[in-house]
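> Please read through the structure below; I'll follow up with questions.
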């Protein structure tokens, strides 16, 4: 029993330290290559999106999973694998497809103007002879999102099929899942939206809660993508909440938003502006909160590890690794907390929109 | 400022994928799960309430039994009491009757004794009177056998008259 327990503890520690090691190994090679270490660049590279899923190594020796690049150009759809760029993100390697030329410039795909063979830059390093096509690539974040989706489909369809076969409460992992499903129902949906109307919003609330939570947790794994820390993802999630509010807002809600009753007429237009801005700000606050919290957590961990290479002293690891470990554990809590807050506030805003007002 | 500029591609995929995820999970996961949980909660609640009902019924039954027992006990007590009273009454009646009868008999006996006594007394009186008369006759006869004695008596009587 005790041996098993201590084994568990060791494995937990090893897993918690893994991201530390993976960052460290990458940065080791950087130092070995005697390149100047740029912490900002390293951090932005780690929290940003990419066209390939990079795990370790540099250049041609790196281990990177290629992902499909899908571009919508003036001449139709163009698709190829990201490996065709040969790990180049500086815009040197030109990929030719359907008579068009593409380069990867800091993980942004540019289409060269016709006849051009290479990118020309202005003083601020902006490309002069290239335009960005509509980029619908399966990037690292999209791929990570698919992983979350697959995890969710598997675990919840399993839970549902258990419920179809049995009448009793589930055991083990299914029981944990059901506990959280009930948590969303009883602690978030029912109190915020009300007994009568909550059922309609349960699919959205459950999906958004588990999507954010699972994505946050997966994002903490070594080599994983920073999906919920990407503004595009949170913008999309916030838009869902906004759309639900707008679609489901009842007459009372719109009356109170657009032409507040019970106050002098000359104040009404002012309040209308305030209320409409408030309507937009609510989901914007949601998207910024999630994005900023998750990104901040990643930046803190990366900065602590980066300290070792900025100070060029292995001894710093003695301090920054435990700190990074502490922050990593804290991030486990934040992962749940942010999922909870996003779902809670979405439910609150929806609840405000569908609430039956007592007439005063 | 790449960090806070939403990429259209990611926005597109996130929206599509998330929408599809909601729809699929709603149909194949959330509805069955929430439905099953609701059913289970309902069945637990109904089981609890029926257990509560059964408990109440049991209590009612117990109370009924106790009531019955109490009533039976009271009835028994009442019957016993009545019997005792009856017994006492019967006993009292019998005693009283016996007493009256005895009294009556005694009274009758007394009366007849009295009557017998009176009759006896009357008999005795008449006997004594007759005897007295006979004795007196004999005495008078004997007293008045001589002239002297007759004179003496007349004198005495005359003397008495004078005195009166």
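Protein chains in written order, with our numbering: chain A, 1115 to 1474; chain B, 47 to 210. A virtual CB, placed ideally from N, CA and C, is assigned to each residue, including glycine. Small disclaimer: the values here were computed from a predicted structure and weren't measured.
Taking the straight line between their C-alpha atoms, what separation do you get for residue 109 (chain B) and residue 69 (chain B)?
Taking the second chain and counting its residues from 1, one reaches residue 109 (chain B) at position 63. Taking the second chain and counting its residues from 1, one reaches residue 69 (chain B) at position 23. Going from the Cα of residue 109 (chain B) to the Cα of residue 69 (chain B) covers about 57 Å.
> Beta-carbon within less than 8 Å of residue 1191 (chain A)'s beta-carbon, same chain only, minus the 5 sequence neighbours each way: which residues are those?
Residue mapping note: residue 1191 (chain A) aligns to position 77 of the first chain, counting from 1. These residues qualify, in order along the chain: 1184, 1185.
> Is DSSP giving residue 1465 (chain A) helix, strand or coil here?
For the purposes of this step, residue 1465 (chain A) is taken as the residue at position 351 of the first chain. Residue 1465 (chain A): helix per DSSP, three-state reduction.
> What in chain B is Cβ-close to residue 1350 (chain A), meaning under 7 Å?
Numbered from 1 along the first chain, position 236 holds the residue referred to as residue 1350 (chain A). In chain order: 57, 60, 61, 64.
> Quick check: what's the CA-CA separation for residue 1202 (chain A) versus residue 1163 (chain A)?
Start at 1 with the first residue of the first chain, and residue 1202 (chain A) comes out as number 88. Start at 1 with the first residue of the first chain, and residue 1163 (chain A) comes out as number 49. Computed Cα separation, rounded: 15 Å.
> So that I know if they touch, is there some Cβ in chain B lying closer than 8 Å to that of residue 1454 (chain A)?
Start at 1 with the first residue of the first chain, and residue 1454 (chain A) comes out as number 340. Chain B, which has no Cβ nearer than 8 Å to the Cβ of residue 1454 (chain A), makes this no.
> Among B:86, B:54, B:52, B:174, which residue has its Cα nearest to the Cα of residue 1277 (chain A)?
Within the first chain, the letter at position 163 stands for residue 1277 (chain A). Closest option to residue 1277 (chain A), Cα to Cα, is B:86.
> Does the beta carbon of residue 1316 (chain A) sit closer than 8 Å to a beta carbon anywhere in chain B?
Taking the first residue of the first chain as position 1, residue 1316 (chain A) is located at position 202. Yes, because at least one Cβ of chain B sits closer than 8 Å to the Cβ of residue 1316 (chain A).
> In angstroms with no decimal places, state the Cα-to-Cα distance between residue 151 (chain B) and residue 131 (chain B).
Counting from 1 along the second chain, the entry for residue 151 (chain B) is found at position 105. Counting from 1 along the second chain, the entry for residue 131 (chain B) is found at position 85. Distance between the alpha carbons of residue 151 (chain B) and residue 131 (chain B): 29 Å.
> Any idea what DSSP makes of residue 1151 (chain A), helix, strand or coil?
In the first chain, counting from the first residue as 1, residue 1151 (chain A) sits at position 37. Three-state DSSP puts residue 1151 (chain A) in coil, outside helix and strand.
> Which class does residue 1168 (chain A) belong to by DSSP, given the choice of helix, strand or coil?
Locating residue 1168 (chain A) in the first chain gives position 54, counting from the first residue. Strand at residue 1168 (chain A).
> Chain A partners of residue 53 (chain B), CB-CB under 9 Å?
Against the second chain, residue 53 (chain B) aligns to sequence position 7. Within chain A, the residues near residue 53 (chain B) are 1163, 1222, 1249, 1253, 1255, 1344, 1345, 1346.
> Tell me where the alpha helix (DSSP H) around residue 1221 (chain A) begins and ends.
To locate residue 1221 (chain A), count along the first chain from 1; it is residue 107. First-last for residue 1221 (chain A): undefined, no H or E at that position.
> Can you tell me which of the three DSSP states residue 1436 (chain A) falls into?
Here the question's residue 1436 (chain A) lines up with position 322 in the first chain. Residue state, collapsed to three classes: helix.
> Alpha carbon to alpha carbon, what distance is there between residue 1310 (chain A) and residue 1468 (chain A)?
The count along the first chain starts at 1 and reaches residue 1468 (chain A) at position 354. The count along the first chain starts at 1 and reaches residue 1310 (chain A) at position 196. Near 10 Å, if we compare the C-alpha coordinates of residue 1310 (chain A) and residue 1468 (chain A).
> Do you know offhand how far residue 56 (chain B)'s Cα is from residue 1395 (chain A)'s?
Stepping through the second chain from its first residue, residue 56 (chain B) is reached at position 10. Stepping through the first chain from its first residue, residue 1395 (chain A) is reached at position 281. Spanning the two alpha carbons is a distance of roughly 22 Å.
> Beta-carbon within less than 6 Å of residue 1173 (chain A)'s beta-carbon, same chain only, minus the 5 sequence neighbours each way: which residues are those?
Mapped onto the first chain, residue 1173 (chain A) falls at position 59. Counting only Cβ-Cβ distances below 6 Å, and skipping sequence neighbours, we find 1201.
> Could you check if residue 1255 (chain A) is buried or exposed, using at least 16 other CB atoms within 10 Å of its CB as the buried criterion?
Reading the first chain from its first residue, position 141 is the one you call residue 1255 (chain A). So residue 1255 (chain A) counts as buried.
> Report the three-state DSSP secondary structure of residue 1262 (chain A) (helix, strand or coil).
Here residue 1262 (chain A) is taken as the residue at index 148 of the first chain, counted from 1. Three-state DSSP puts residue 1262 (chain A) in a helix.
> Does the contact criterion of 3 or more C-beta pairs under 8 Å hold for the stretch 1322 to 1336 of chain A versus the stretch 1437 to 1457 of chain A?
Result yes; three or more Cβ-Cβ pairs closer than 8 Å.
> DSSP three-state call for residue 88 (chain B): helix, strand or coil?
Locating residue 88 (chain B) in the second chain gives position 42, counting from the first residue. Residue 88 (chain B) falls in the helix class under three-state DSSP.
> With DSSP as the reference, label residue 1115 (chain A) as helix, strand or coil.
Numbered from 1 along the first chain, position 1 holds the residue referred to as residue 1115 (chain A). Here the model assigns residue 1115 (chain A) a pLDDT of 49, short of 50, so the residue's position is not dependable and the matter cannot be decided.
> Does the beta carbon of residue 88 (chain B) come closer than 8 Å to any beta carbon on chain A?
Stepping through the second chain from its first residue, residue 88 (chain B) is reached at position 42. No, no contact with chain A.
> Quick one: measure Cβ to Cβ for residue 1248 (chain A) and residue 54 (chain B), integer angstroms, because I've assumed they're closer than 8 Å.
For the purposes of this step, residue 1248 (chain A) is taken as residue 134 along the first chain, with counting starting at 1. For the purposes of this step, residue 54 (chain B) is taken as residue 8 along the second chain, with counting starting at 1. With 8 Å as the limit, residue 1248 (chain A) and residue 54 (chain B) qualify as a contact, their Cβ atoms being about 6 Å apart.
> Counting only runs of 4+ residues fully inside the stretch 1353 to 1394 of chain A, write out the alpha helix (DSSP H) ranges in chain order.
Correct list: 1365 to 1372.
> Measure the C-alpha to C-alpha separation of residue 1414 (chain A) and residue 1280 (chain A) and round it to an integer number of angstroms.
Translated into the one-based positions of the first chain, residue 1414 (chain A) becomes position 300. Translated into the one-based positions of the first chain, residue 1280 (chain A) becomes position 166. Between residue 1414 (chain A) and residue 1280 (chain A), the C-alpha separation is close to 46 Å.
> Excluding the 5 residues preceding and the 5 following residue 1211 (chain A) in the sequence, name in chain order all residues of the same chain whose CB lies nearer than 6 Å to its CB.
For the purposes of this step, residue 1211 (chain A) is taken as residue 97 along the first chain, with counting starting at 1. Closer than 6 Å at the Cβ level, and outside the excluded window around residue 1211 (chain A), lie 1192, 1194.
> Which residues, in order along the stretch 1181 to 1200 of chain A, keep a beta-carbon less than 7 Å from a beta-carbon of chain B?
Listed in sequence order: no entries.
> Is there a C-beta anywhere in chain A that falls below 8 Å from the one on residue 48 (chain B)?
Taking the first residue of the second chain as 1, we reach residue 48 (chain B) at position 2. With 8 Å as the cut-off, residue 48 (chain B) counts as an interface residue toward chain A.
> Nearest-angstrom Cα distance between residue 49 (chain B) and residue 1402 (chain A)?
For this step, residue 49 (chain B) is matched to residue 3 along the second chain. For this step, residue 1402 (chain A) is matched to residue 288 along the first chain. Cα-Cα distance, rounded: 12 Å.
> Please classify residue 1191 (chain A): does DSSP put it in a helix, a strand, or coil?
Residue 1191 (chain A) sits at position 77 when you count from the first residue of the first chain. Strand at residue 1191 (chain A).
> List the residues of chain D that residue 70 (chain B) touches, going by C-beta distances under 8 Å, in chain order.
Reference to chain D is not applicable here, since the protein chains of this structure are A and B.
> Just mark residue 183 (chain B) as buried or exposed, buried being the case when its beta carbon has 16 or more other beta carbons within 10 Å.
Sequence index remark: in the second chain, residue 183 (chain B) carries index 137 (1-based). Residue 183 (chain B) comes out exposed.
> With 16 as the cutoff for other CB atoms within 10 Å, does residue 1292 (chain A) come out buried or exposed?
Residue mapping note: residue 1292 (chain A) aligns to position 178 of the first chain, counting from 1. When all chains shown are included, residue 1292 (chain A) counts as buried.
> Within this structure, are the beta carbons of residue 1456 (chain A) and residue 1404 (chain A) separated by less than 8 Å?
Here residue 1456 (chain A) is taken as the residue at index 342 of the first chain, counted from 1. Here residue 1404 (chain A) is taken as the residue at index 290 of the first chain, counted from 1. In this structure, residue 1404 (chain A) lies closer than 8 Å to residue 1456 (chain A) by Cβ.
> Could you tell me which residues DSSP pairs with residue 1185 (chain A) in its beta bridges?
The residue you call residue 1185 (chain A) lines up with position 71 of the first chain. In DSSP, residue 1185 (chain A) forms a bridge with A:1192, A:1249.
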